[in-house]
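Undergrad: Here the sequence shown stands for residues 58 to 379, numbered as in the numbering used here.
All C-beta atoms in this analysis are idealised placements derived from N, C-alpha and C, irrespective of residue type, glycine included.
Remember, predicted model here, so these are calculated numbers, not experimental data.
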Amino acid sequence: MIRAFDALSLPLLRWLDPEDAHRLAIQGLRLLPPVRPRTDDPKLAVRAFGLNFPNPVGMAAGFDKSAEVSDALLRLGFGFVEIGTVTPKPQVGNPRPRLFRLERDEAVINRMGFNNDGGDAVLRRTVNVSWPNTPGLRNLQQSAALDDLLAKVIDARERVRQSAGDSPVLLKVAPDLSLTELDDVVHIARSRRIDGMIVGNTTLARPSTLRQQTRAKEQGGLSGRPLFRLSTRMVAETYVRAEGAFPLVGVGGIDSGGAALTKIRAGASLIQLYSSLIYRGLHLVEDIKNDLASTLLRTGRDSLSEIVGADAATITAEDWPV
Ligand SMILES: Cc1cc2nc3c(=O)[nH]c(=O)nc-3n(C[C@H](O)[C@H](O)[C@H](O)COP(=O)(O)O)c2cc1C
């Protein structure tokens, strides 16, 4: 059914202005009947940050900023949904146009900003400390500011523990950090005992291999296929620095089961996607899960945790991806 839906909707959505298409997709998902999700292969289950995930494939932040369709996305087979970025007060974000498709590169550039309905309208929060498209926020990753911010977040978590229960805190980073900056970030994350890291956000870089060079000049964060190698390298670099202190969520350019597997072998316990859904459609989620399950079957393994980080050392020894 999802495949048929993709076949009908993708050409229409790709013909529309990207932001109108996104809005239409959200509206469509709101109308999704309350079908029961297909039960996942138990081998795909992941336990991380004290939570149980039925499968490791998540929707990345930025698609469902205001938590309008998270239940629908879970029903469609995602193992988890990251909502947000949410701000305390509602915001309209940057002026349009602010979202661009690079069709031939299977990529996206966005400078949406913090458009969202605000904390009051959103039941559960996502805390994002990194948003590379918003000037000034990149500085939050600088050591002292980050340490201070994480201390406050952890403190706030303790204060609401009684009413809200245990809430894992994850730190999301830009893939454009230098390795020295990453040393500092992981060190702070470990000393503040955060629960995990998400690696990573969109990149400000513009690989020379991009085919749509003119459109690539638009300001904003680049995501999708051209981000895959850099973000996978950063997952591996973070994995070796974290030394098992916390699990990682790997995100950036995942567009197939093979790409998901590479991200997991680089060090990701969970993965997320966004841009590839625009080009491949929602059935990609089932395809990735099927590929991961058959890999486990073929290699005689019981769980994905057995291969998390298996290639991290090899990947970090390779030439830096350009
Ligand atoms: C249109 C758009 C909006 C996004 N908004 C956010 C956001 O609000 N907060 C955030 O942490 N990441 C945001 N992201 C980044 C994604 O969560 C993800 O890290 C990035 O797109 C790389 O994954 P992908 O290559 O699978 O798209 C956004 C990405 C896109 C394309």
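In whole angstroms, give me the CA-to-CA distance for P68 and R218.
TA: The straight-line gap from Cα to Cα measures roughly 46 angstroms.
Undergrad: Going by the CB atoms, is the gap between D77 and S123 shorter than 8 angstroms?
TA: Going by C-beta atoms, S123 is not nearer than 8 angstroms to D77.
Undergrad: For the segment 210-230 against the segment 274-288, are there 3 or more C-beta pairs whose distance is under 8 angstroms?
TA: Cβ pair count under 8 angstroms is below three, so no.
Undergrad: Could you tell me the alpha carbon to alpha carbon distance between D223 and L108, rounded to whole angstroms?
TA: Rounded to the nearest angstrom, the two C-alpha atoms are 10 angstroms apart.
Undergrad: Quick check: A208 and R282, are their CB atoms within less than 8 angstroms of each other?
TA: In this structure, R282 does not lie closer than 8 angstroms to A208 by Cβ.
Undergrad: Should N151 be counted as a contact of ligand 1 given a C-beta to heavy atom distance under 7 angstroms?
TA: False, no ligand heavy atom lies under 7 angstroms from that Cβ.
Undergrad: Give the secondary structure of R104 by DSSP, where H, G and I count as helix, E and B as strand, and everything else as coil.
TA: Note: R104 maps to strand in three-state DSSP.
Undergrad: Taking the continuous alpha helix (DSSP H) assigned at R298, which residues delimit it?
TA: F285 to A299 is the extent of the alpha helix (DSSP H) around R298.
Undergrad: Any heavy atom of ligand 2 closer than 7 angstroms to the beta-carbon of I83?
TA: The ligand content of the structure shown is limited to ligand 1, which means ligand 2 is not among them.
Undergrad: What I want to know is whether the C-beta of T289 ends up closer than 7 angstroms to one or more non-hydrogen atoms of ligand 1.
TA: Checking the Cβ of T289 against ligand 1 gives no.
Undergrad: Pull up the distance between the alpha-carbon of P264 and that of D240, whole angstroms please.
TA: Looking at the two C-alpha atoms, the distance is approximately 24 angstroms.
Undergrad: Based on the DSSP secondary-structure assignment, which residues constitute the bridge partners of N258?
TA: None, per the DSSP bridge assignment.
Undergrad: Under the assumption that L267 contacts L159 (Cβ atoms under 8 angstroms), give the Cβ distance between them as a whole number of angstroms.
TA: The pair is a contact, with the Cβ atoms about 7 angstroms apart (cut-off 8 angstroms).
Undergrad: Could you check which residue in I245, G338 and T373 has the C-alpha nearest to that of D205?
TA: Looking at the Cα atoms, I245 is the closest of the given residues.
Undergrad: Might you give, ordered along the chain, the residues of its own chain that have their beta carbon closer than 7 angstroms to the beta carbon of F135, omitting 5 neighbours on each side?
TA: V114, G115, M116 and V342.
Undergrad: Ligand 1 and G119: does the residue's C-beta get closer than 7 angstroms to at least one heavy atom of that ligand?
TA: At least one heavy atom of ligand 1 is nearer than 7 angstroms to the Cβ of G119, so yes.
Undergrad: With DSSP run on the structure shown, which of helix, strand or coil describes I328?
TA: I328: strand per DSSP, three-state reduction.
Undergrad: May I ask you to report which of helix, strand or coil DSSP gives N185?
TA: Residue confidence is low: N185 scores 45 on pLDDT, short of 50, so the model does not pin down where it sits. Its coordinate-derived value is still stated next. Of the three classes helix, strand and coil, the one that applies to N185 here is coil, per DSSP.
Undergrad: What are the boundary residues of the beta strand (DSSP E) that includes K229?
TA: That run of the beta strand (DSSP E) goes L227 to V230.
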